[in-house]
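**Student:** Chains as they are written, first to last, in my numbering: chain X, 8 to 121; chain P, 91 to 199. Mind having a look at this structure? Questions to follow.
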Amino acid sequence: DAGVIQSPRHEVTEMGQEVTLRCKPISGHDYLFWYRQTMMRGLELLIYFNNNVPIDDSGMPEDRFSAKMPNASFSTLKIQPSEPRDSAVYFCASRPGGASYEQYFGPGTRLTVT
Amino acid sequence: KNEVEQSPQNLTAQEGEFITINCSYSVGISALHWLQQHPGGGIVSLFMLSSGKKKHGRLIATINIQEKHSSLHITASHPRDSAVYICAVGGGGADGLTFGKGTHLIIQP
Numbered sequence: 008d009a010g011v012i013q014s015p016r017h018e019v020t021e022m023g024q025e026v027t028l029r030c031k032p033i034s035g036h037d038y039l040f041w042y043r044q045t046m047m048r049g050l051e052l053l054i055y056f057n058n059n060v061p062i063d064d065s066g067m068p069e070d071r072f073s074a075k076m077p078n079a080s081f082s083t084l085k086i087q088p089s090e091p092r093d094s095a096v097y098f099c100a101s102r103p104g105g106a107s108y109e110q111y112f113g114p115g116t117r118l119t120v121t
Numbered sequence: 091k092n093e094v095e096q097s098p099q100n101l102t103a104q105e106g107e108f109i110t111i112n113c114s115y116s117v118g119i120s121a122l123h124w125l126q127q128h129p130g131g132g133i134v135s136l137f138m139l140s141s142g143k144k145k146h147g148r149l150i151a152t153i154n155i156q157e158k159h160s161s162l163h164i165t166a167s168h169p170r171d172s173a174v175y176i177c178a179v180g181g182g183g184a185d186g187l188t189f190g191k192g193t194h195l196i197i198q199p
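The structure is reproduced here in C-alpha cells:
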C-alpha cells in the first residue's frame with residue numbers, strides 16, 4: 008500500500024483565498040484524522056471520521072474550517088477565507104477499526120498564508 | 091481533556107550515550123504512542139503500547155499505567171537518532187490523539 012497520501016505537499020496562498028487540502032487514507036482503514044502542527048501549539052486534533060461520518064470536530068478552530076469525507080478513500084479540509092494564522096503543517100492520518108489504535112500519518116501539507 | 095507532559099523539551103547528547111525521554115498524562119488511556127519526526131516533517135510511529143514494555147532495535151518503550159507515565163529509551167545513540175520525539179495518548183473515550191509538545195533530540199558525533 009502507498010500509505011496515506013496528501014496533496015498538495017506545499018501550498019502558498021494569499022489571505023482571504025480558499026484553500027482545500029486533500030487526503031487519501033490507507034485502503035480498508037475505518038478512521039481518518041486531521042491534525043494541525045504549529046510551532047506555538049504543537050500537534051492538535053482538528054476532526055476525525057469513523058466510516059466517513061464526522062465524530063468529533065471540537066478541535067476545528069472556527070467556522071472558516073470545514074472537513075468532508077464523501078467516501079472511504081477521500082477527505083478534504085477546507086479553509087475559507089484563509090488567514091495568516093492558519094499557516095501550519097496539516098497532517099492526515101488513518102487507522103483500522105476495532106482495537107487497533109496505531110495511526111498512520113501522511114507526509115503533511117505545509118500551508119503558508121501571506 | 092488529557093494533559094500530556096514531556097521532558098526534557100530539548101536534549102543534546104554525545105554519540106553512544108543512553109537517552110531517556112519521559113511522558114506523563116493525566117487521564118486513563120487506551121494506548122500511548124511514541125512518534126518520531128525528522129526535520130522536513132514526516133511523522134513515523136515508533137511504538138504503540140498499553141502496558142509493559144516494547145523493544146525495537148535500539149529503542150525501548152515502557153509504560154506504567156498506574157503512574158500514568160511512559161519512557162522512551164535509546165541505547166547506543168547515533169547522530170541519525172536526531173529528531174523530535176513526540177508522546178501521544180488516545181482512548182479513554184476519545185479516538186483522536188492528544189500530543190505532548192515533543193522532545194528535540196540532538197546526538198553529536
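All C-beta atoms, glycine included, are put in the ideal place defined by N, C-alpha and C. On a predicted model such as this, the values are computed, not experimentally measured, just so you know.
Measuring CB atoms only, is the region 166-176 of chain P touching the region 122-133 of chain P, in the sense that at least three cross pairs come out at less than 8 angstroms?
**Tutor:** Yes: at least three Cβ pairs fall under 8 angstroms.
**Student:** Could you spell out the range, first to last residue, of the beta strand (DSSP E) harbouring E51(X)?
**Tutor:** Taken as a continuous stretch (DSSP letters only), the beta strand (DSSP E) holding E51(X) covers 49-57.
**Student:** The beta strand (DSSP E) spanning T20(X) covers which residue range?
**Tutor:** T20(X) -> beta strand (DSSP E) spans 17-20.
**Student:** Going by beta carbon distance, what residues of the same chain come within less than 7 angstroms of S73(X), once the five residues before and after it are set aside?
**Tutor:** Contacts found: K85.
**Student:** For R92(X) and E69(X), what's the separation of their Cα atoms in angstroms?
**Tutor:** Between R92(X) and E69(X), the C-alpha separation is close to 12 angstroms.
**Student:** Any Cβ of chain P within less than 8 angstroms of the Cβ of C110(X)?
**Tutor:** Here the sequence assigns Gln to residue 110(X), which means Cys is not the residue at that position. Output row for Q110(X): interface = yes.
**Student:** For P77(X), which of helix, strand or coil comes out of DSSP?
**Tutor:** In the structure shown, P77(X) sits in a strand (DSSP, three-state: E or B).
**Student:** Residues bridged to F137(P) by DSSP?
**Tutor:** Its beta-bridge partners are W124(P).
**Student:** Can you tell me which of V26(X), W41(X), M22(X) puts its alpha carbon nearest to the alpha carbon of P114(X)?
**Tutor:** Taking only the C-alpha atoms, the option nearest P114(X) is W41(X).
**Student:** Our contact map puts Q44(X) next to F98(X) with C-beta atoms below 8 angstroms; I'd like the distance itself, whole angstroms only.
**Tutor:** Q44(X) to F98(X), Cβ: 7 angstroms. Contact.
**Student:** Would a check of beta-carbon distances place P114(X) closer than 8 angstroms to chain P?
**Tutor:** Yes, contact with chain P.
**Student:** Give me whichever residues DSSP pairs with P61(X) in a beta bridge.
**Tutor:** Beta-bridge pairing links P61(X) to F56(X).
**Student:** Cβ closer than 9 angstroms: which chain B residues qualify as neighbours of G118(P)?
**Tutor:** Protein chains in the displayed structure are X and P, and chain B is not among them.
**Student:** Between A50(X) and chain P, is there a C-beta pair that is closer than 8 angstroms?
**Tutor:** According to the sequence shown, residue 50(X) is Leu rather than Ala. With 8 angstroms as the cut-off, L50(X) counts as an interface residue toward chain P.
**Student:** Cβ atoms of S140(P) and A121(P): under 8 angstroms apart, would you say?
**Tutor:** Cβ atoms of A121(P) and S140(P): closer than 8 angstroms.
**Student:** Kindly indicate which residue of N58(X), S94(X), L50(X) has the alpha-carbon position closest to the one of G190(P).
**Tutor:** Of the listed residues, the one whose Cα sits closest to G190(P) is L50(X).
**Student:** Rank G104(X), G105(X), A100(X), Q87(X) by C-alpha distance to the C-alpha of Y111(X) and give the top, closest one.
**Tutor:** Taking only the C-alpha atoms, the option nearest Y111(X) is A100(X).
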